[in-house]
Ligand SMILES: Cc1ncc(C[n+]2csc(CCOP(=O)(O)OP(=O)(O)O)c2C)c(N)n1
Ligand SMILES: [Mg+2]
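Residue numbers (our numbering): 72 to 643.
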C-alpha cells in the first residue's frame, strides 16, 4: 500500500492507482483528450506495458481477451466520441461474456460539459445499458476512490465491463490525495444447506447432466470443478463457447451445447432428470433459442449456480438456485463426496461412457466439397498442436469447424466471444500471445471476420506477437449467406466478397503469408507458418481457400437452397 502525500497530476494519480491494482498491460489508442494519462504511462513503463493498436475496437477486444485470460480487468484507454464509439464492441462482448474490463475514455473539460462540445458524449447514457457501471470523474481527488470502485465492480459478483470517463482538466489538474489499496474481489460462497441439497439431488438422480459455462473461472476453479465431476462421475457439456472449462480429453466431457449442437447431446439434455448448470446464464445460444428447457419451469430437476443473484430466476426457475462465485462454488463442490464414498459407483456411469462415445463420433468430419477440407485441417491441428495451445476466433461459419472438431485442452485454451462479434479473433490472439509468449496461439478468422481487424497485423509485428492466423476464405459472408439460402433461396444479395490478395497483404505488414488450396499442402504450410512465428516473433498468415459450397461440416449451399425451395420458402 502506498500513501502518497505529494502533489501529482490527475494522470499520475490514475496511473499510480493502476499500479496498485496490479495492472501490467494497457491497450490504448491515443487521443489528445487524455495526454496527461499517456504521459504518466510513459513514466510507468517499468511496471505497465502499453500496447498501441490501430483501431479502438481492437484495443477493447484485446482488453477483453486479457480479462478472460487472467480474471483481472483488462484495461483500455481511448479518446472521446469517436474512440469510445469504436471501443463499444469490447464493452458489449465483456458484458455478454462476463469479462472484467475497464474502459477509460478521455472526456471534454468539466467547464464546457453539456454543450455538445467537440466529440462530447454522455457516457452514462451511451453505455448505461451495456456496462456494469459508468462514471465520470469530476475531481482529481476522487480518482483513487472511483478507480478502486471500478476494479471492484468489474471483478465482483458476475464480472463485467466498467466505463470511466476522464475530463481532460481532471487529468491535467494537480491534487494531493492518498492512494487506495489494491482491490479485493467480492464473491458469494455457497451455503452448507445448498451443498447438502445438491448432494442429495445428485444421489436421488438417475440421469444427471452438468452444463458448465459463464465467466469468472480460474485455473484453480477448473481443477476443483474437475474433482467434483470425477467424484460423482458426472457427464459435462459446455455452454456456448465455454469449451475450455473442462479439458475436452477428459472422459466426462460430452460436448458443446452451443450453436448447432450434436443432436445426440441435445437428446441427452432433454432426457436428463437433473440438470446442474454451473456458471452459465443459459442464454439463447446454449438453449437453442430458449427451446431446450421449458420456461420458466424446466421439466428436469434444476440446479442453477450463478455469481449474480439477479440472474437466478431471471429466465429459469431452479429447484435449487445457488448464488456463488465459480472458484467459491468449485472449491466447495470438490469437497463433496457421494454418501457411500468408498466403492461407490454412479448408476449413470454407463451413460457417461455412451455420451462420451457420441461426442467422439461427432468429431469425425465427413467429406466436404472442394480441394481443401477444413475438417481434415482441424483433425490435423488437434493431433499436432500442444494441448495448451490457445485457439481464438470471431464469428462466422468457419468457427463451427473449430468448435466442433477441436479438443480444447482446458482452462484458457479458448478465446471466443459468446457475443458472436466478428473481428475478435486477431486482437484476442495478439493479447494472448503477448501475455503468454511460450504458448502457441492460433487465430481463426473468416475472410469477412479478418477484414474487421486485419490491420492489427501491424500491432502484432510492432510488439513481437508471433501468432498464426488461419484465414478461412470462402469469398462470402458465409454465415449470412447460409441464412439467406434458407429464408430467401436463390436470392443472393449483400453477402458476396471481393477480397484482397491476403498473403500479399500479410507480407506487406512484415508477416508471413501463404495461400493453401488443397488439403495435402496444409501440414507443411502450417509448419512453415508456425516456425516463422516462433523464430521471428511476428505473425504468420495462411489463407485457406475453401469452396463456398462447404457452408457447414454437414451442409452445402446448393443443398440448403434446394431444401428451402422444396419447402416453399421465399416463394409468393
Ligand atoms: C460485428 C459483427 N457484424 C456482423 C455480424 C453478422 N455476421 C455473423 S457471421 C457473418 C459473416 C462472417 O463471414 P466470414 O468471416 O467470412 O465467415 P464465414 O461465415 O464465411 O465462414 C456476419 C456478417 C456479426 N456477428 N458481428
Ligand atoms: Mg467467409
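No residue lacks a Cβ here, since even glycine has one placed at the ideal position from N, Cα and C.
Would you give the residue range spanned by the alpha helix (DSSP H) that residue 132 belongs to?
Where residue 132 is concerned, the enclosing alpha helix (DSSP H) stretches over 127 to 141.
Are three or more beta carbon pairs between the region 342 to 362 and the region 277 to 284 nearer than 8 Å?
Yes: the two stretches touch, three or more of their Cβ pairs being nearer than 8 Å.
Using three-state DSSP, classify residue 362 as helix, strand or coil.
coil
Check whether the Cβ of residue 545 lies closer than 6 Å to any heavy atom of ligand 2, and answer yes or no.
yes
Hey, residue 464 and residue 496: beta-carbon distance below 7 Å or not?
yes
Are there 16 or more other CB atoms within 10 angstroms of the CB of residue 265, so buried, or fewer, so exposed?
buried
With contact counted as at least three CB pairs below 8 Å, one residue from each stretch, are the region 237 to 246 and the region 305 to 322 in contact?
no
Figure out for me which residue from 120, 479, 489 has the closest Cα to the Cα of residue 316.
479
Kindly provide the ranges of any alpha helix (DSSP H) runs that are 4 or more residues long and lie completely inside the region 324 to 361, ordered along the chain.
334 to 342
Classify residue 419: buried if its beta carbon has 16 or more other beta carbons within 10 angstroms, exposed otherwise.
buried
According to DSSP, simplified to helix, strand and coil, what is residue 279?
Strand.
Note down, in chain order, each residue of its chain lying with its Cβ closer than 6 Å to the Cβ of residue 535, except the 5 sequence neighbours on either side.
Cβ neighbours of residue 535 beyond the five flanking positions: 608.
Keeping to the same chain, check which residues put their C-beta closer than 6 Å to that of residue 625; ignore five residues upstream and five downstream.
Apart from the 5 residues on each side of it in sequence, residue 625 has no Cβ closer than 6 Å to any other Cβ in its chain.
Check the Cβ-Cβ distances between residue 296 and every residue of chain D, and say whether any is below 7 Å.
The structure shown contains no chain D, having only a single protein chain.
Take residue 614 as the anchor and find which of 86, 623, 525, 270 has the nearest alpha-carbon.
Just measuring C-alpha positions, the residue of 86, 623, 525, 270 sitting nearest residue 614 is 525.
On the DSSP bridge list, what partners appear for residue 144?
Residue 144 pairs with nothing; no bridge assigned.
Examine ligand 2 and report whether any of its heavy atoms sits within less than 6 Å of the Cβ of residue 496.
no
Please identify the residue among 545, 343, 124 whose C-alpha is closest to the C-alpha of residue 533.
124
Roughly how many angstroms lie between the CA atoms of residue 74 and residue 117, to the nearest whole one?
Residue placement at residue 74 cannot be trusted, given a pLDDT of 49 that sits under 50; what the coordinates show is reported in the next sentence. Between the alpha carbons of residue 74 and residue 117 lies a distance of about 20 Å.
Is DSSP giving residue 204 helix, strand or coil here?
The answer is strand: DSSP assigns residue 204 an E or B state.
Could you name each continuous beta strand (DSSP E) segment of 3 residues or more that falls completely within the region 455 to 539, going from the start of the chain to the end?
461 to 463, 512 to 517
To which residues does DSSP link residue 78 through a beta bridge?
247, per the DSSP bridge assignment.
Can you grab the Cα-Cα spacing for the pair residue 331 / residue 207, in whole Å?
42 Å
Reducing DSSP to helix, strand and coil, say where residue 72 ends up.
Residue placement at residue 72 is poorly supported in this model, since its pLDDT is 42, which falls under 50; the coordinates still yield a value, given next. The answer is coil: DSSP assigns residue 72 none of H, G, I, E or B.
Since residue 167 is in the alpha helix (DSSP H), which residue starts that stretch and which ends it?
152 to 167
Would you mind sorting residue 377 into buried or exposed? The rule is 16 or more other CB atoms within 10 Å of its CB.
It counts as buried.
Would you kindly work out how many angstroms separate the C-alpha atoms of residue 294 and residue 585, rounded to a whole number?
39 Å
Residue 90 to residue 220, Cα distance in whole Å?
15 Å
With a cut-off of 8 Å on the beta carbons, I'd call residue 107 and residue 82 a contact; round off their distance for me.
3 Å
For residue 551, is the beta carbon positioned less than 6 Å from some heavy atom of ligand 1?
yes
Just verifying my parser: in three-state terms, what is the DSSP assignment at residue 614?
strand
Within its chain, find whatever has a CB closer than 8 Å to the CB of residue 640; leave out the 5 residues flanking it on each side and keep chain order.
Cβ contact annotation for residue 640 (same chain, cutoff 8 Å, sequence separation greater than five): 557, 558, 559, 560, in chain order.
So within the region 390 to 451, which uninterrupted alpha helix (DSSP H) runs reach at least 4 residues, ignoring any that extend past its ends?
Those alpha helix (DSSP H) runs which fall completely within the region 390 to 451 and span 4+ residues are 397 to 405, 420 to 433.
What's the C-alpha gap between residue 396 and residue 304?
23 Å
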